[in-house]
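Quick mapping for you: the protein sequence lines, in order, are chains A and B. Residues 840 to 936 (the numbering used here) are what the first sequence spells out, left to right. Residues 3 to 180 (the numbering used here) are what the second sequence spells out, left to right. This report refers to the structure that appears directly beneath it.
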Amino acid sequence: MSSTYETVAGFISEICDVPRENITPESHITEDLGVDSLDFLDAVFNIEQTYEISVPIDGWTQQVNDGAVKGSRYFVMKNLCAEVDKLIAAKAAETAA
Amino acid sequence: MAGARPEDADLSMRIDQFQLVSHVERLDLAAPTISVRASVPQDHSIFAGHFPGHPLMPGVLLTEMMAQTCGFLLLSLNGFTIMPFLAALKDVKLRDFVTPGTDLVCEATRIHDGSGYAVMKASICRQLEKKHVCDGTLMFRIVPYPNNQLRGHMLERAGEVGLVIRNGDVVEIEEGCR
Chain A
840 MSSTYETVAG FISEICDVPR ENITPESHIT EDLGVDSLDF LDAVFNIEQT YEISVPIDGW
900 TQQVNDGAVK GSRYFVMKNL CAEVDKLIAA KAAETAA
Chain B
3 MAGARPEDAD LSMRIDQFQL VSHVERLDLA APTISVRASV PQDHSIFAGH FPGHPLMPGV
63 LLTEMMAQTC GFLLLSLNGF TIMPFLAALK DVKLRDFVTP GTDLVCEATR IHDGSGYAVM
123 KASICRQLEK KHVCDGTLMF RIVPYPNNQL RGHMLERAGE VGLVIRNGDV VEIEEGCR
């Protein structure tokens, strides 16, 4: 997996007290790993600080609550990391412009 | 913006009402930072137990003063449209004893503006001193008001601590408010 995945998995493990070996690309952060919303927010804070991006957690949660998308769209590890990679790329493009 | 204060203004905290901020001294929405003042009451029943013969301001209340200070900054930044709730404390350090009658200054700054949350740094000093008696990092969830009553209360509190609000925006700091 990408370095983003390793970094994010590291944050989830350390901040949310989840054994690193339990985290896989297919893990659902809340349903499989048992991470609660506050610990997840703390992990997101670390992701945002590390990559200097803004993760639109409020908007994602709203989409899930409205039934527009399934929770797995954003909250399965590989999908979360793909979204983070998109935000990093968007930030790089914005900086280059 | 800054708010002056008459020398005889009563800046005692209202501990029974859980109001630990008495006056906003300075508010800079661009930085963004805030500085507030409040005095620890000379007499209060809380000191009967904390501690007999050695009255001290409880650390949890100093922490709450930091939280309320951060709260006024976050409310001012979002035009009092959404409500910050304290969610997490990190590295809170109670560095010195605070005794009855002490005049306190609390400063706070937002260090991270997240989606539905914010991370703040806050500190408390004795008036005219630079050494922190308490400091820490605080995380807030920022959510819609659960009801209009709470929003009304927060706007009322803003007025009590000297924030003058028009159309949701803080336009000035009033003198001498608690």
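Note that CB positions come from ideal geometry on N, CA and C, so glycine has one too.
Who are residue i's beta bridge partners in DSSP?
i: A:V857; result: None, per the DSSP bridge assignment.
i: B:D137; result: B:K95 and B:S125
i: B:P146; result: B:I84
Look at the alpha carbon of residue i and the alpha carbon of residue j, and state the distance between them as a whole number of angstroms.
i: A:G910; j: A:V903; result: 6 Å
i: B:G116; j: B:G55; result: 45 Å
i: B:G170; j: B:A160; result: 11 Å
i: B:E162; j: B:Q151; result: 17 Å
i: B:L157; j: A:G849; result: 42 Å
i: B:D12; j: B:D105; result: 11 Å
i: B:I113; j: B:K123; result: 7 Å
i: A:S841; j: A:V923; result: 11 Å
i: A:A882; j: A:I854; result: 6 Å
i: B:R180; j: A:W899; result: Confidence is the limiting factor: at B:R180 the pLDDT is only 46, short of 50, which leaves the residue's position unreliable, though a coordinate-based value still follows. Those two C-alpha atoms are separated by around 40 Å.
i: A:E891; j: B:G51; result: 47 Å
i: B:D18; j: A:D897; result: 35 Å
i: A:V937; j: B:L140; result: Nothing about residue 937 of chain A can be reported from this structure: the residues present for chain A run from 840 to 936 only.
First and last residue of the alpha helix (DSSP H) that includes residue i?
i: A:Y890; result: S876 to Y890
i: A:S911; result: S911 to F914
Which residue comes first and which comes last in the beta strand (DSSP E) that contains residue i?
i: B:A173; result: The residue asked about is misnamed: residue 173 of chain B is Val in this sequence, not Ala. Here the beta strand (DSSP E) through B:V173 covers D171 to I175.
i: A:H867; result: Run containing A:H867: none; DSSP gives neither H nor E here.
i: B:L165; result: L165 to R168
i: B:L48; result: The amino acid occupying residue 48 of chain B in the given sequence is Ile; Leu does not appear at that position. From DSSP, B:I48 is part of no beta strand (DSSP E) but of the alpha helix (DSSP H) over I48 to G51.
i: B:T65; result: Where B:T65 is concerned, there is no enclosing beta strand (DSSP E), although the alpha helix (DSSP H) it sits in stretches over G61 to L79.
i: B:T101; result: It is not in any beta strand (DSSP E) - B:T101 carries neither H nor E in the DSSP assignment.
Have a look at the options and flag the residue whose alpha-carbon is nearest the alpha-carbon of residue i.
i: B:M85; options: B:L76, B:L91 and B:K92; result: B:L76
i: A:I851; options: A:E933, A:K925, A:V915 and A:L926; result: A:V915
i: B:V23; options: B:P57, B:H46, B:C72 and B:P34; result: B:C72
i: A:L919; options: A:E860, A:D856 and A:E887; result: A:E887
Counting only beta-carbon separations shorter than 7 Å, does residue i have a partner in chain E?
i: A:P864; result: Included in the structure are the protein chains A and B, with no chain E among them.
If you pair each beta-carbon of the stretch 58 to 77 of chain B with each one of the stretch 89 to 106 of chain B, do three or more pairs fall below 8 Å?
-> yes
Segment contact, 8 Å Cβ cut-off, at least three pairs: the stretch 38 to 54 of chain B with the stretch 92 to 112 of chain B | yes
Counting pairs of Cβ atoms below 8 Å between the stretch 853 to 872 of chain A and the stretch 129 to 144 of chain B, do you hit three or more?
-> no
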